[in-house]
Each structure stands twice: as C-alpha cells, then as structure tokens.
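The numbering of the sequence shown is our numbering, which starts it at 704 and goes up by one. Each residue gets a CB set at the ideal place from its N, CA and C atoms; glycine is no exception.
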Amino acid sequence: MTTNSFLHFLKLCPASSRTFPPLCLQQGTKRNRASAQTRRSCVCGTPGPAMAGRLRGHLSAATLLTLLSALLTCCVRCAHCAKPSNIVLIVADDQDVQLGGMTPMKKTKALIGDAGATFVNAFTVTPLCCPSRSSILTGWYPHNHGVRNNSLPGNCSSPLWQKGPEANAFPVYLNKHKYQTFFAGKYLNQYGKKEAGDVGHVPPGWDQWFALVGNSQYYNYTLSANGKEEKHGDSYETDYLTDLITNRSLRFLDDRSPQHPFFLMLCPPAPHSPWTAAPQYQKEFVDVKAPRDGSFDKPGKDKHWLLRQPVNPMPNSSITYLDNAYRKRWQTLLSVDDMVEMLVKKLESIKELNNTYIFYTSDNGYHTGQFSLPIDKRQLYEFDIRIPLMVRGPGIKPNQTLQAPVLHIDLAPTILDISGINVSSVNVDGQSFLSQMAPSLRNGTTRPFFLVEYSGEGNPTTDPACPRLGPGLSQCFPDCVCEDAYNNTYACVRTLNSKHNLQYCEFADTESFVEVYNLTSDPHQLENILKKVDPSVLQVMNQRLIKLQSCVGDSCRDVKTTALFFKSVPSNELRMSFKAAGDC
C-alpha cells in the first residue's frame, strides 16, 4: 500500500466520523482529556500535522497496518465521545427559594450549585403544581398547553392533555434520539385516576415509568410501575417515596446501556404536605420558625380582595400552624438532599458524572404567613413565583451566580439543546439557557420580560367549615382564611433587566383589579403603586400583557418585539413616572 492509496482510504471514512459534537472536548474523564491536537491527528478525514508528516514518504506495509489499526481505534473512541451528554432533572414539590427553602439542602448546594451555576432569578410561569409541571414538560405557557389548575375539568392529566401537549412533551424527542428515559415520583395531580386513563396510561417517551397516582404522599400510595398498579404501605424501608425514587433511579443507572445517553426525571413529594419526614429527620430544626421579615403578617391593603380578607394580625393558632408546617417542610427536604448526594456518587462511580447535566428546581414557590396568608402558593407575589434553579454539567464553570431571568418553559428547550436536537425545529414558547451557563458552547440572548398567569379555583358550594364565606372559594385553612377563588385569576408581565424591576398584573374579576409594583424600591411588594404611575405607562404595560397572553412559540421570546415595551414611552419619562411612585 502506497501513501496515496492510504490517504485515499482515509477520505473514504464516513463524514459522521470526522466531526465532534460541541460538548465532546468538554468532558472531564481521563479518557476524554486527550489533547485536541492528538484528536485532530486521529480523526477520520484529512490527517493532522503529526500523521501527515509521517505519510510524506513511503511506508512499509507493517507500519501502514499499525497506523490503520491505530486510526480505527481512534475513530471508535471518537464515536464514543460523540454520544450526547446525559441529563438528570430533579423537580421538588412546592419548594420556595425566597423564604429559605434551600437552607436545609447543604449537599445539593455544594454538589450542584457550587459545582455549576445558580440562577437567582428563576421563575415559574404559573404558581401551581399541575399547570407548572405541564409547562416544564412542554416548554409552553399555560394558555398554550391548556392546563388551568389541578383538576380534571382544569385539564390536569385529562384525555385532552394526553392527546395533545403530552404527546409533544420533550421526553418524546429525547426517546426518539435514543435517550434511555426514566421517570419516578409525582407526575401530574390527576395522573392515574380512572377518568384519566388509570395506571395503565404511560405517557409517550418513557422507557421506565414509576409515577405516583394523584398528589404527593410519602406513605400509603399507589404507583404506576410501567403501567401496572403497585401499592405501597407505611414501612420506611420499602415505602418511603423519596427513598424509593432514589433507589430505583440508582438501579436504572446500573442496568442502563452504556452505548446510549440517559435522561432521568425525579420528582420527590417533598416539601409538599403532608410533610412526613423520614424517621431519622423528625427531630431536626425543632427551634426553627418561619421568617418574620418582609411581608410576614402584613395587611394586604390596596391588593386584590382575596389578600384583604385574612384577619390581621394573624391569630396565634395560624402562626403555630404555619411554623409547624415550615419546620416539617425542611425536615422532608433532608431526604431529597440525600437523594442528590447518592445520585452524584453513583454517577461518579459509573464514570458518567463528567458527562451529565444535573438540574435541580421546584414546580413553584410557597408562602408561610406573607400578607397574613398562612400557607399555600397560587399568588402573584415573589415568594410564590420564584423558584430554586441550579445546574451543573459539561462546559459549566463552577460557582457561577447568574442574574438573567430563566423560566420553567426554558427547561425543555435547554434540555433538547443539550441533547443535540435542533431547538428551532421544536414548537416551544421558552428558550434555551445553555448559552448563559456555558457561553463557550452556545451564543444566545436573554429576555427582558415575561408572562406569569394563573386561573383561580373555587368550590361551587359553601365550605361547611366556613359557612360565612359563601361559594366560589377554596383552600380555606386554617381559621377559614381562603387562599384561592374563581376570580383569583390573573396575568402579569414581569420586567427584570438592568434598568427595571417591575410587575404589572390584571385580574379577571368584576373590579378589573390591577396591581403594579416597583420591586427595586419595594422588594416585598408592600405597596400597590397603580394610582401613582402615569396612565401612558400603564397603557404600554397593558398592551404588552395582551400580546404575551396570546403569544405562541417565537412571538413569546421575540426580543425585538418585546423591546417595544418601553420604546413608546421615552426612557426619561418612564424613569420619572416610577420615581414618583418609588425611587428606581
């Protein structure tokens, strides 16, 4: 074999073998740390400088065979390197970030946050479990996926959801691209009910499926185990749901095929009620109480009527109740913290940690006593719409604190972007934030503002425990303080950039109630400045909100369009308007 014929052979190598994915050289294992120069020398196609020099003269047959063998070996290694990164998504249930919800999770902050990026301005687009989780799965705003609340009539895991949005959820795309997919934990609040297909319904895109039937529980629950009913009792060793999710995910990693990437979505019940901690953690945080600063036990003056109805100051019975809830929530999170630690150790032991992105977040925030509302979510304020979000993985530098706003609807496109799928070919309202946490891998833009929307729930009849309240309300506990109502239906445009930190909200009620906050001067949203803002500015905000409420796909993230939000009002006029309402 002559040099020319050998070079001709090289050119016959498939084109797919001549390229590396963007993340290929970012891996951290010893095998993947071969120098870029060495890799360029062995990649099929045009030889690198090292090999080209050797091929300038005639080579012996033995030498050519040796080089050919080395070449094929290197190409195999490059093909292995081309395997997309693995992805793990952990979604807690009702974990706040504003009120110290991440405080008990020291291991998680060290193993994910400190090892990667922490997003300090992460938001849910709707502060309630089922519509929020539906947004995570689809990358769509609620007005596009149609899930309004936690009920079947509200489209939560309904047949309509299953035929439409669920069939287009991001795990479907991952599975088509040969990802091994695994789900365990709480899916959607109505999942597994007879009217929603019973336990036999396994959503498309999942290879392994262990989903909780109904809402969060820690014991005495039913799972759909790959479409088969699996009942659990009250034994900590075999039934405690957070630990069961952990153990089954570890087993999946042991049994996976190393030739293909994997995606795990783990959804523990913590820190959702009934707040049942593992036995070893039930005496932790005995002296902890809910934080008393900010808007704690403040009257909801100038706010929507639902915020004006609680007794202020709260009775001692409500404060005792919410302090107990706050403490127990922290206790349940310690098992989630253990989950993260065990998962990271397992990934390290199977040599996949450096090729795996790990996301940690929650479906929505929470409140304990803010504006005299004892416990719940569902409100438009920061404590309910802000969420924890931390990510580690290839190409993400450690100890990053990122300021740009990120939404739940951004998780799906980010995960698809990591997997190598062309996000522009997928119908999503969100945008990938891979460029924010790993600028060396992607270019991208940030959004200046976004939509938060919620459809209120109520009971058609009066709650017998609170007869004076009448129909149309719900979540009336403790002391008959109602956390929701039919007309607790609102939409907000939230503006957050280097110049403005604002919120404008409209309610769908008989009052057409509006709330406006300048969070630069009023971070706890104590004063509704509606009457202090220039009407021309309010009109611009109203128009922006109308556009966002009807956006689909590209129009939800079109920065050029959203930049018009303030262009119709001169910047000096805008600043003066909010200056009068509160120093910007």
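Return yes when the Cβ of residue j is within less than 7 Å of the Cβ of residue i, no when it is not.
{"i": "Phe1086", "j": "Gly1003", "result": "no"}
{"i": "Asp796", "j": "Pro977", "result": "no"}
{"i": "Phe1152", "j": "Thr1198", "result": "yes"}
{"i": "Tyr1063", "j": "Pro964", "result": "no"}
{"i": "Arg836", "j": "Asp996", "result": "no"}
{"i": "Asp1182", "j": "Arg1081", "result": "no"}
{"i": "Tyr1060", "j": "Ile790", "result": "yes"}
{"i": "Leu1050", "j": "Gly1098", "result": "no"}
{"i": "Gln1034", "j": "Tyr984", "result": "yes"}
{"i": "Ala1248", "j": "Ala1194", "result": "It should be pointed out that residue 1248 corresponds to Leu in this sequence rather than to Ala. The answer is yes: Cβ separation under 7 Å."}
{"i": "Phe913", "j": "Leu1092", "result": "no"}
{"i": "Asp1212", "j": "Asn1190", "result": "yes"}
{"i": "Thr827", "j": "Ile1112", "result": "no"}
{"i": "Ser1122", "j": "His880", "result": "yes"}
{"i": "Lys896", "j": "Cys970", "result": "no"}
{"i": "Ala993", "j": "Thr1071", "result": "yes"}
{"i": "Pro834", "j": "Val850", "result": "yes"}
{"i": "Gln893", "j": "Ser860", "result": "yes"}
{"i": "Gln1106", "j": "Ala820", "result": "no"}
{"i": "Pro1163", "j": "Pro1170", "result": "no"}
{"i": "Ser1177", "j": "Glu1156", "result": "no"}
{"i": "Arg1095", "j": "Ala899", "result": "no"}
{"i": "Glu1289", "j": "Asn1200", "result": "The question about residue 1289 has no answer, for the chain in this structure spans 704 to 1287."}
{"i": "Val1184", "j": "Pro1077", "result": "yes"}
{"i": "Leu1114", "j": "Ile839", "result": "yes"}
{"i": "Thr941", "j": "Ser1038", "result": "no"}
To the nearest angstrom, report how far apart residue i and residue j are at their CA atoms.
{"i": "Thr1117", "j": "Tyr844", "result": "16 Å"}
{"i": "Phe886", "j": "Ile1053", "result": "20 Å"}
{"i": "Gln1228", "j": "Thr829", "result": "18 Å"}
{"i": "Ser854", "j": "Trp864", "result": "12 Å"}
{"i": "Tyr680", "j": "Gly936", "result": "Any question about residue 680 goes unanswered here, given that the chain covers just 704 to 1287."}
{"i": "Lys1235", "j": "Cys1208", "result": "15 Å"}
{"i": "Phe873", "j": "Ile948", "result": "21 Å"}
{"i": "Lys1048", "j": "Leu1119", "result": "25 Å"}
{"i": "Pro982", "j": "Asn852", "result": "33 Å"}
{"i": "Asn1019", "j": "Ser960", "result": "56 Å"}
{"i": "Ile1108", "j": "Ala825", "result": "Checking the sequence, you will find Pro at residue 1108 rather than Ile. Cα to Cα, Pro1108 sits roughly 6 Å from Ala825."}
{"i": "Asp1225", "j": "Leu1083", "result": "15 Å"}
{"i": "Asp1166", "j": "Thr1148", "result": "48 Å"}
{"i": "Cys1259", "j": "Val1126", "result": "15 Å"}
{"i": "Val1014", "j": "Tyr1024", "result": "15 Å"}
{"i": "Pro1101", "j": "Asp1041", "result": "21 Å"}
{"i": "Ser1253", "j": "Trp909", "result": "31 Å"}
{"i": "Asp1000", "j": "Gly842", "result": "35 Å"}
{"i": "Tyr922", "j": "Leu915", "result": "11 Å"}
{"i": "Asn1057", "j": "Glu869", "result": "31 Å"}
{"i": "Ser1158", "j": "Asp1132", "result": "19 Å"}
{"i": "Asn929", "j": "Tyr1069", "result": "32 Å"}
{"i": "Val991", "j": "His1203", "result": "35 Å"}
{"i": "Met808", "j": "Asp1026", "result": "19 Å"}
{"i": "Ser998", "j": "Lys810", "result": "29 Å"}
{"i": "Leu956", "j": "Val1240", "result": "54 Å"}
{"i": "Thr806", "j": "Phe988", "result": "11 Å"}
{"i": "Ile1022", "j": "Asn1146", "result": "48 Å"}
{"i": "Gln911", "j": "Leu891", "result": "17 Å"}
Provide the residue span of the beta strand (DSSP E) that contains residue i, from first to last.
{"i": "Asn789", "result": "789-795"}
{"i": "Asn1204", "result": "1204-1210"}
{"i": "Glu1085", "result": "Run containing Glu1085: none in the beta strand (DSSP E); it sits in the alpha helix (DSSP H), 1085-1088."}
{"i": "Phe1153", "result": "1152-1157"}
{"i": "Gln1246", "result": "That residue, Gln1246, is in no beta strand (DSSP E); its alpha helix (DSSP H) goes 1238-1252."}
{"i": "Thr821", "result": "820-822"}
{"i": "Phe965", "result": "965-970"}
{"i": "Asn950", "result": "Looking at the DSSP string, Asn950 is not in any beta strand (DSSP E); the run it does join, the alpha helix (DSSP H), is 944-958."}
{"i": "Ala973", "result": "From DSSP, Ala973 is part of no beta strand (DSSP E); its letter is neither H nor E."}
{"i": "Phe988", "result": "Run containing Phe988: none; DSSP gives neither H nor E here."}
{"i": "Asp1187", "result": "1185-1188"}
{"i": "Arg1095", "result": "1092-1095"}
{"i": "Val1217", "result": "1217-1221"}
{"i": "Thr1198", "result": "1193-1199"}
{"i": "Cys1179", "result": "1176-1179"}
{"i": "Tyr1060", "result": "1059-1065"}
From which residue to which residue does the alpha helix (DSSP H) around residue i run?
{"i": "Ser1021", "result": "1019-1052"}
{"i": "Trp1008", "result": "1008-1011"}
{"i": "Met1140", "result": "1137-1140"}
Could you tell me which uninterrupted beta strand (DSSP E) segments, each at least 3 residues in length, are contained entirely in the stretch 829-905, listed from first to last along the chain?
883-889
Report the start-end ranges of each beta strand (DSSP E) in the stretch 1099-1131 that is 3 residues or longer and not cut off at the edges.
At a cut-off of 3 residues, the continuous stretches assigned as beta strand (DSSP E) that sit fully inside the stretch 1099-1131 are 1103-1105.
Beta strand (DSSP E) segments (min. 3 residues) lying fully within the stretch 912-937:
925-928, 931-934
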